[in-house]
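Residue numbers (the working numbering): 132 to 364.
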């Protein structure tokens, strides 16, 4: 009986560790993909437009630039269309042809689009072949809700942000508000660029990848030790 209970305990521990390793690994695997036709049309419609140009379409830039809490990446500056937002958000819907928000880069040019929808009990949402998970609130929308970010990337590809781990463009940059912070911002951007280049060329692993690897190594070690104990019992 003791042997059986020990086996069950080992199995549960290993399953939990595999789950943690899977989460860490998943956080590092978001990659640009070829967009479906409708997303490609949105790209042609909005990419590269300036703040002045989108204002004629009802989008109002609302600063500041939103940087990732991790220090790497950004959403950019949001430009909200109040009419589209009010038509979709309270109902918990997303109109694929009419994004209520545009995302501006450090040059104040459109680099992506965004949808937000209230949680009205609809469960995970689907759009453009993506499953959109509920996400924590943020300044302006304090309650949990659904968000879809789409970032325009080189070679006609896009990066989908469907959950908290992929909401930020890892290559996004927020300009600093003062000259005092410029040196620090340059150092941070340089480090981020180096990390991105290393990742692109198969260099050192990201922190999430290392976390996954460490979990897997610990998993194997735990299994070896546990089964050694079982053999002696």
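We treat Cβ as the ideally placed atom computed from N, Cα and C, and that holds for glycine.
Continuous alpha helix (DSSP H) stretch holding residue i: start and end
i: residue 182; result: 182–186
Integer Cβ distance of residue i from residue j, believed to fall under 8 Å
i: residue 189; j: residue 212; result: 5 Å
i: residue 286; j: residue 243; result: That pair is no contact at about 16 Å.
i: residue 185; j: residue 251; result: Between residue 251 and residue 185 the Cβ distance is about 28 Å, and since that is not below 8 Å, they are no contact.
i: residue 282; j: residue 290; result: 4 Å
i: residue 191; j: residue 210; result: 6 Å
i: residue 207; j: residue 236; result: 5 Å
i: residue 264; j: residue 255; result: 6 Å
i: residue 258; j: residue 227; result: 6 Å
i: residue 183; j: residue 223; result: About 32 Å; that fails the 8 Å criterion.
Per-residue burial, residue i [other beta carbons within 10 Å of its own, 16 or more giving buried]
i: residue 219; result: buried
i: residue 293; result: buried
i: residue 245; result: buried
i: residue 165; result: exposed
i: residue 204; result: buried
i: residue 328; result: For residue 328, the pLDDT reaches just 40, beneath the cut-off of 50, and the residue's location in the model is therefore unreliable, although a value from the coordinates is still provided. Classification for residue 328: exposed.
i: residue 267; result: exposed
i: residue 181; result: exposed
i: residue 271; result: exposed
i: residue 174; result: buried
i: residue 214; result: exposed
i: residue 260; result: exposed
i: residue 239; result: buried
i: residue 298; result: buried
i: residue 232; result: buried
i: residue 115; result: In the structure as shown, the chain starts at 132 and stops at 364, and residue 115 therefore has no counterpart that could be examined.
i: residue 221; result: exposed
i: residue 168; result: exposed
i: residue 303; result: buried
i: residue 275; result: exposed
For residue i, the three-state DSSP class (helix, strand or coil)
i: residue 178; result: coil
i: residue 291; result: strand
i: residue 216; result: helix
i: residue 286; result: helix
i: residue 203; result: coil
i: residue 169; result: helix
i: residue 192; result: strand
i: residue 296; result: coil
i: residue 232; result: strand
i: residue 266; result: strand
i: residue 197; result: strand
i: residue 272; result: strand
i: residue 164; result: strand
i: residue 238; result: coil
Where the beta strand (DSSP E) through residue i begins and ends
i: residue 257; result: 256–258
i: residue 242; result: 241–249
i: residue 224; result: Run containing residue 224: none; DSSP gives neither H nor E here.
i: residue 261; result: 261–263
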